[in-house]
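> So the sequences go chain by chain: A and B. Going letter by letter, the first sequence gives residues 18 to 295 in the numbering used here. Going letter by letter, the second sequence gives residues 18 to 295 in the numbering used here. The beta-carbon is built from N, C-alpha and C at its ideal position, and this holds for glycine as well. Just so we're clear, the structure is a prediction, and the values are computed from it rather than from any experiment. Here it is: the structure, laid out below.
Number of protein chains: 2
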Amino acid sequence: MRIIKTIAQTKRLIERVKKSGKTIGFVPTMGYLHEGHLSLVRIARRKSQFVVVSIFVNPTQFGPSEDLAKYPQDMKRDAALLKKENVDLIFYPSVNEIYPPDYKTYVYVKELSRLMCGITRPHHFQGVTTVVLNLFNIVKPDIAVFGAKDYQQGVIIKRMTKDLNLDIKIVLGKIIREKDGLAMSSRNIYLSPRHRKNAIVLYQAVRRIRHDFRQGFSDPKRAKTMMRQMIEKKNGRIDYIAVVNKNTLSPVKKLGAGTLIALAVFFGKTRLIDNTIL
Amino acid sequence: MRIIKTIAQTKRLIERVKKSGKTIGFVPTMGYLHEGHLSLVRIARRKSQFVVVSIFVNPTQFGPSEDLAKYPQDMKRDAALLKKENVDLIFYPSVNEIYPPDYKTYVYVKELSRLMCGITRPHHFQGVTTVVLNLFNIVKPDIAVFGAKDYQQGVIIKRMTKDLNLDIKIVLGKIIREKDGLAMSSRNIYLSPRHRKNAIVLYQAVRRIRHDFRQGFSDPKRAKTMMRQMIEKKNGRIDYIAVVNKNTLSPVKKLGAGTLIALAVFFGKTRLIDNTIL
Numbered sequence: 018m019r020i021i022k023t024i025a026q027t028k029r030l031i032e033r034v035k036k037s038g039k040t041i042g043f044v045p046t047m048g049y050l051h052e053g054h055l056s057l058v059r060i061a062r063r064k065s066q067f068v069v070v071s072i073f074v075n076p077t078q079f080g081p082s083e084d085l086a087k088y089p090q091d092m093k094r095d096a097a098l099l100k101k102e103n104v105d106l107i108f109y110p111s112v113n114e115i116y117p118p119d120y121k122t123y124v125y126v127k128e129l130s131r132l133m134c135g136i137t138r139p140h141h142f143q144g145v146t147t148v149v150l151n152l153f154n155i156v157k158p159d160i161a162v163f164g165a166k167d168y169q170q171g172v173i174i175k176r177m178t179k180d181l182n183l184d185i186k187i188v189l190g191k192i193i194r195e196k197d198g199l200a201m202s203s204r205n206i207y208l209s210p211r212h213r214k215n216a217i218v219l220y221q222a223v224r225r226i227r228h229d230f231r232q233g234f235s236d237p238k239r240a241k242t243m244m245r246q247m248i249e250k251k252n253g254r255i256d257y258i259a260v261v262n263k264n265t266l267s268p269v270k271k272l273g274a275g276t277l278i279a280l281a282v283f284f285g286k287t288r289l290i291d292n293t294i295l
Numbered sequence: 018m019r020i021i022k023t024i025a026q027t028k029r030l031i032e033r034v035k036k037s038g039k040t041i042g043f044v045p046t047m048g049y050l051h052e053g054h055l056s057l058v059r060i061a062r063r064k065s066q067f068v069v070v071s072i073f074v075n076p077t078q079f080g081p082s083e084d085l086a087k088y089p090q091d092m093k094r095d096a097a098l099l100k101k102e103n104v105d106l107i108f109y110p111s112v113n114e115i116y117p118p119d120y121k122t123y124v125y126v127k128e129l130s131r132l133m134c135g136i137t138r139p140h141h142f143q144g145v146t147t148v149v150l151n152l153f154n155i156v157k158p159d160i161a162v163f164g165a166k167d168y169q170q171g172v173i174i175k176r177m178t179k180d181l182n183l184d185i186k187i188v189l190g191k192i193i194r195e196k197d198g199l200a201m202s203s204r205n206i207y208l209s210p211r212h213r214k215n216a217i218v219l220y221q222a223v224r225r226i227r228h229d230f231r232q233g234f235s236d237p238k239r240a241k242t243m244m245r246q247m248i249e250k251k252n253g254r255i256d257y258i259a260v261v262n263k264n265t266l267s268p269v270k271k272l273g274a275g276t277l278i279a280l281a282v283f284f285g286k287t288r289l290i291d292n293t294i295l
């Protein structure tokens, strides 16, 4: 496994890999890896012959009052974990390597980036699409794997990839959960023990709706009210609860197959997200 | 020479060309070709082994009150001209092919896109960078050739290409002029005979400053005043006159080597641009 910090060296290696005829699988991450990330790496490993993982805490996807400065990092541990997964290359650039002082180019996906997480994080998805396109152009993957916890991100990246005619297959790996159901996230370490315990209500809420849907329940408004009540009982501060079409992210009038139930909730200062698809 | 209208077919051909080891040169155009375009095609022909010209009147780079609907087109004539230049492929997509109804992805280069032409055409360069990135991803050129008449466009596309880590060399071909000095443009046909005659003042103005600079003149403010007076005497309505650094597009305090003198002037409803570099 190689660890490369520069774009130029990475491009040279990727060119050699391409010439050898190997397919490239790519998992972009912000590091501080957990089983969720590793499950994506395993998908890339299974579906391609050369696996690249990037570790880059991308400043442009954080808002001014968000947790960029304290975002957790542990490169040594990350490298050890990725080595075990037979990753071929870790691309580990500095902020200056991706965004030199004269950097000026941004990519955004309109409408989809303004909904749900985009309401309280208006520049978040522009930061994501910009860095992902940048990384795609460096790594030139045949497939790229993203986590389904960030479901809206997945929809937006698929849209960008299609609109910009990139020859990359976007794969969403399923949400990996702790034993009690909390979706794995690098941000879970921020939670106090009390918040950590209450936070499982995100999963309980979406699971409850999924369960009721299977029993014939179909009212999106009541679904939202039920989830809101469950979460507020656990002192979660709701950012949003969305009951939408999984492709267009537009609100649905009736729950149905392909409805995305997604939510973002604060516990203390920590914002957690979760979702399920009916 | 082939003419292809679909992205899928173009991609298949480009893949075969790449596999054969040929380098690809690309000239994106909006058609209605003149000697300026053909000079760019000749550069691409000289510098690469497979030459692609796109003909696409890109709606996203026109403002709501601009000349999209009446932009001149003559595909038959264009195809004949390009055949003579030994072009290998004309990519001639419909608007729907590039921007299907669910299209949502845009690319912009901040700051540089807001200056000069960007002041009165605030969405113009976003439209340009979006379509150019789109075309780059389809045609996958090794070099792409743009005209120096649209100098700001060239600066912006170079910036985008570098920022997004595209492996494409951007070449600017020099301005091609009519015998009397008017820079060639597909829009020149809009000019009434009187406006056509007066329009040569754009070239006369920038040439005058270049001449005076060589004689030791160096005051940007006076340069602008002199140009303004020359143009207004010919009933041109000035959009802007810029005396700026050719790379950063920031105003200079003193004329020097590398200063860009650029202007946009209306004659009737027709907006013309010209420039020179000291």
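Would you mind working out which of V218(A), V162(A), I72(A), P237(A) sits nearest P89(A), comparing C-alpha positions?
I72(A)
> Taking the alpha carbon of L266(A) as the point to measure from, which residue in N292(A), M247(A), A216(A) has its own alpha carbon closest?
N292(A)
> Rounded to a whole number of angstroms, what is the C-alpha to C-alpha distance between I185(B) and V70(B)?
15 Å
> So which residues on chain B does E128(A) lean against when the C-beta distance must stay under 7 Å?
Using a Cβ-Cβ cut-off of 7 Å, E128(A) is close to K121 of chain B, given in chain order.
> Any residues in the stretch 176–193 of chain B with a beta carbon nearer than 8 Å to a beta carbon of chain A? Which ones, in chain order?
Result list: R176, M177, D180, L181, N182, L183, D184.
> Using the three-state DSSP reduction, which class does L277(B) fall into: helix, strand or coil?
strand
> Is G38(B) near the ligand ZN, judged by its Cβ being under 7 Å from some heavy atom?
Although the ligand ZN was asked about, the structure shown includes no ligands whatsoever.
> Alpha carbon to alpha carbon, how far is S235(B) from V149(B)? Give it in angstroms, no decimals.
36 Å
> Can you give me the C-alpha to C-alpha distance between L199(A) and G275(B), rounded to a whole angstrom?
Cα atoms of L199(A) and G275(B): separation of roughly 59 Å, rounded to the nearest angstrom.
> Output needed for Q66(B): all residues of its chain with C-beta closer than 6 Å, excluding positions within five of it in sequence on either side, in chain order.
The residues are K39, T40.
> Quick check on DSSP: helix, strand or coil for D291(B)?
strand
> Roughly how many angstroms lie between the CA atoms of T137(A) and K263(A), to the nearest whole one?
20 Å
> Kindly indicate which residue of T122(B), Y123(B), K121(B), Q143(B) has the alpha-carbon position closest to the one of R131(B).
In terms of CA proximity to R131(B), Q143(B) leads the group T122(B), Y123(B), K121(B), Q143(B).
> Can you give me the Cβ contacts of V162(A) inside the same chain, cut-off strictly under 6 Å, excluding the 5 residues immediately before and after it?
V44, L57, I60, A61, V188, G190
> Is it buried or exposed, M92(B), if we count other Cβ atoms within 10 angstroms and call 16 or more buried?
Exposed is the call here.
> Give the DSSP bridge partners of T122(A), in chain order.
V126(B)
> I173(A) and V124(A) - do their beta-carbons sit closer together than 8 Å?
no
> Just the Cα atoms here: how many angstroms apart are I155(B) and T27(B)?
7 Å
> So, A96(A) versus I107(A), is the Cβ gap smaller than 8 Å?
yes
> Is the number of C-beta pairs between the stretch 206–222 of chain A and the stretch 277–291 of chain A that are closer than 8 Å three or more?
The stretch 206–222 of chain A makes contact with the stretch 277–291 of chain A, as at least three CB pairs between them are under 8 Å.
> Spell out whether any CB of chain B is found under 8 Å from the CB atom of Y168(A).
no
> Return the CA-CA distance between V261(B) and K36(A), expressed in angstroms with no decimal places.
If I take the Cα positions, the gap works out to 44 Å.
> Tell me which same chain residues have a C-beta within less than 6 Å of the C-beta of T178(B), skipping the five on either side of it?
I185, I187
> Ignoring anything shorter than 3 residues or poking outside the stretch 204–271 of chain B, list the beta strand (DSSP E) runs there in chain order.
Counting whole runs of 3 or more residues, the stretch 204–271 of chain B contains the beta strand (DSSP E) stretches 254–262.
> Check whether the Cβ of Y125(A) lies closer than 8 Å to any Cβ atom in chain B.
Chain B contact via Cβ: present.
> For T147(B), collect the residues of the same chain with a Cβ closer than 7 Å to its Cβ; drop the 5 residues on either side in sequence, then sort them by chain order.
For T147(B), where only same-chain residues beyond five positions count, the Cβ hits under 7 Å are T77, Y123, V124.
> What beta strand (DSSP E) runs, 3 residues minimum, are completely inside the stretch 144–174 of chain B?
160–164
> May I ask you to report which of helix, strand or coil DSSP gives T46(A)?
strand
> Hey, could you find the ends of the alpha helix (DSSP H) I192(A) is sitting in?
No alpha helix (DSSP H) holds I192(A); DSSP gives it neither H nor E.
> Under DSSP, the alpha helix (DSSP H) around I115(B) begins and ends at which residues?
112–115
> Of all the options K166(B), F153(B), I192(B), which has the alpha carbon lying nearest to the alpha carbon of N182(B)?
F153(B)
> Does A86(A) come out as helix, strand or coil in the three-state DSSP assignment?
Correct three-state label for A86(A): coil.
> For I24(A), go through chain B and note every residue whose CB falls closer than 8 Å to its CB, in chain order.
N182
> Helix, strand or coil: which one does DSSP assign to R138(A)?
coil
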